[in-house]
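A.B. asks: The structure's right below; bear with me while I get my questions together.
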Amino acid sequence: MIRRMATHERDAVPRFPAGFLWGVSTSAHQIEGAAELRGPSVWDEFTALPGRVKDGSTAAVACDHYHRYREDVALLAGLGVDAYRFSVSWPRVNSPGGLDFYDRLVDELCAAGVRPVPTLFHWDLPAALDWLERDTAARLAEYVSVVAGRLGDRVEKWITLNEPAEHTLLGHALGVHAPGRQLLFDALPVAHHQLLGHGLAVQALRAAGVTDIGIANSHGPTWPASRDEADLEAAGFYDLLLNRLFADPVLLGRYPEGIAELMPGDVAADLKVIGEPVDWYGINYYAPTRVGAPQGTEIDFGGVRMPAELPFSVREIEDAPRTDFGWPVVPSALTELLTDFRGRYADRLPPVVITENGCSYEGLDDQARITYLDGHVRALHRAIEQGVDVRGYFVWSLLDNFEWAEGYERRFGLVHVDYDTGTRTPKASYAWYRSLLKNQHA
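Just so we're aligned: the sequence shown equals residues 358 to 799 in our numbering.
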């Protein structure tokens, strides 16, 4: 019989380098609520359609962070984090007085000694815009200039985009996220226009005097289902699509072989913008993926319908524990990912920040979340020992929240939220992370 190790029995996490940035992350659409005080986004339109969200919910109220932000900043201060990664709602900024909220939030964070780290686009595109259109990248840059002009006197560290891979794949190729399109490979222009928007946003931030800019791309190791040639080829393509397609243009200024000719516009000129140097590279990591040759049938993988016509199939990683979301728990894969990134990009890889890492579990005594986070923090430390320049780590998420197409059925927070009353209750993982940070800061 395996006895679960109590939190106080764990060996201390090794000390990280001085100046290492510890934080937590959220996003505007998932926690803010106050939908009536902003313009509509593609997610408002998506969630209004029957059957799009598993529990039929919307983010109209969510955690009501818009009205309870002072309470949430107090939770951040009590946790002892160095930084708070949140996102700015583009539809809110487009509404009268919308930037005033972020003014108040940033002031509250600064007063609490917590560094604000805003993400400028986290999927909640204004409903009037469309990433299939090139002009949306230019509109992003205009919006970024407005936000930086208002908040730049107090905010140093900025993130342009969050997870363009998922927004492309889930929202435009498979249709399970907003805006709900099922374009498959015809969604590639969405990837290109988001990357172009990133480059233009970097330029806009530089023009505003910003010197600490990154992007938050999602990445994970791709493991072939076997050493058979068909499985290796399928895994290589999946890795290109989910990892290299979004990292190579930013870090190398070029697309992987065979991709540029599939993209719209003057791609060579666009790549010069997309490849604008960033000061650090953000990685959202959750789990590795096992991939094999197509099996000729549609499968459901983690709640996502994977069409039979895809040139790969995603397989189960059977020898790993799973979160309540069904995602495999493999901390060592984070070390693998980071060392592989260093090997692939060498001196073109700037310092790395883990901009998201977390898991979905129920309950206030969430020992499984503690085990997950403890394992991944240690795996991150091993990557640093092996020479990867990692400068920060952000847990997803501070609060339980609206988890996109899953609605409120998945809980990623260090803090439990009662969605009927809005009551916040720190979980055991909140106390664990607070203790970790206290030891790291000692």
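We put the CB at the ideal spot given by N, CA and C, even for glycine.
1) For D368, count neighbouring C-beta atoms within 10 Å of its own C-beta (all shown protein chains included) and say buried if the count is 16 or more, exposed if not.
2) Among the residues of its own chain, which have a CB less than 6 Å from the CB of E389, if the five just before and after it don't count?
3) Is the beta carbon of Y459 closer than 9 Å to that of P475?
4) Hey, out of A561, G556 and P521, whose CA is closest to A544's CA?
5) Could you give the DSSP three-state label for L477: helix, strand or coil?
6) Are the stretch 744 to 757 and the stretch 709 to 723 in contact at 8 Å, needing three or more beta carbon pairs?
7) Does the distance from the CB of L557 to the CB of V512 come in under 9 Å?
8) Quick check: what's the CA-CA separation for A484 versus P453?
9) Excluding five sequence neighbours on each side, which residues of the same chain lie with their C-beta closer than 8 Å to the C-beta of L628?
10) Terminal residues of the continuous beta strand (DSSP E) containing T712?
11) Within the same chain, show all residues whose beta-carbon is closer than 7 Å to that of I359, passing over the 5 residues directly before and after it, in chain order.
12) Of all the options A644, T778, A573 and V504, which has the alpha carbon lying nearest to the alpha carbon of S689?
13) If you run the structure through DSSP and keep just helix, strand and coil, what is I516?
14) Counting along the chain, where does the beta strand (DSSP E) carrying H733 start and finish?
15) I need the DSSP call for H422, collapsed to helix, strand or coil.
16) Give me the Cα-Cα distance between P651 and H798, rounded to the nearest whole angstrom.
17) Excluding the 5 residues preceding and the 5 following R791 in the sequence, name in chain order all residues of the same chain whose CB lies nearer than 8 Å to its CB.
18) Since A548 is in the beta strand (DSSP E), which residue starts that stretch and which ends it?
19) In whole angstroms, what separates the C-alpha of D510 from that of P546?
20) For the stretch 375 to 463, which segments carrying the beta strand (DSSP E) assignment without a break, of at least 3 residues, lie completely within its bounds, in sequence order?
21) Based on Cα-Cα distance, which residue from A392, G571 and D429 lies nearest to T780?
22) Starting from V624 and walking both ways along the alpha helix (DSSP H), at which residues does that stretch end?
23) Note down, in chain order, each residue of its chain lying with its Cβ closer than 6 Å to the Cβ of T782, except the 5 sequence neighbours on either side.
C.D. replies: Based on what the coordinates show:
1) exposed
2) H422 and Y423
3) yes
4) P521
5) strand
6) yes
7) no
8) 17 Å
9) P606, G610, R611, Y612 and A617
10) V709 to E713
11) Note on I359: pLDDT 29, under 50, position unreliable in the model; the coordinate value appears next. So the list is empty, once near-sequence residues are dropped.
12) A644
13) strand
14) First-last for H733: Q724 to E742, but that is the alpha helix (DSSP H), not the beta strand (DSSP E).
15) helix
16) 49 Å
17) G435, L436 and G437
18) Unbroken run through A548 is the alpha helix (DSSP H), L545 to A564; no beta strand (DSSP E).
19) 35 Å
20) 378 to 382 and 440 to 444
21) D429
22) V624 to I631
23) H773
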